[in-house]
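J.: Note that our numbering has the sequence shown beginning at 997, numbered continuously upward.
Virtual Cβ for every residue (Gly too), placed ideally from N, Cα, C.
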Amino acid sequence: MKNLALFICGIILGGTLMFVGGLNKFQTSKN
């Protein structure tokens, strides 16, 4: 159960980082 929670947290953190990174790339390419 603990491993599953860590796995889900990792996916959420990874997805957030990729989302923020993509957002930054989009903003910098726009300017």
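Taking the alpha-carbon positions, what's the S1025 to C1005 distance?
T.: As a first step, residue 1025 is located in the sequence shown; it is residue number 29 there, counting from the start. As a first step, residue 1005 is located in the sequence shown; it is residue number 9 there, counting from the start. C-alpha separation (whole angstroms): 30 Å.
J.: Only counting the same chain, and skipping five residues up and downstream in sequence, which positions put a Cβ closer than 7 Å to that of L1002?
T.: Position 6 of the sequence shown, counted from the start, is the residue given in the question as residue 1002. No residues qualify anywhere along the chain.
J.: Helix, strand or coil for M997? Go by DSSP, reduced to three states.
T.: Here residue 997 refers to the residue found at position 1 of the sequence shown. Reduced to three states, the DSSP call for M997 is coil.
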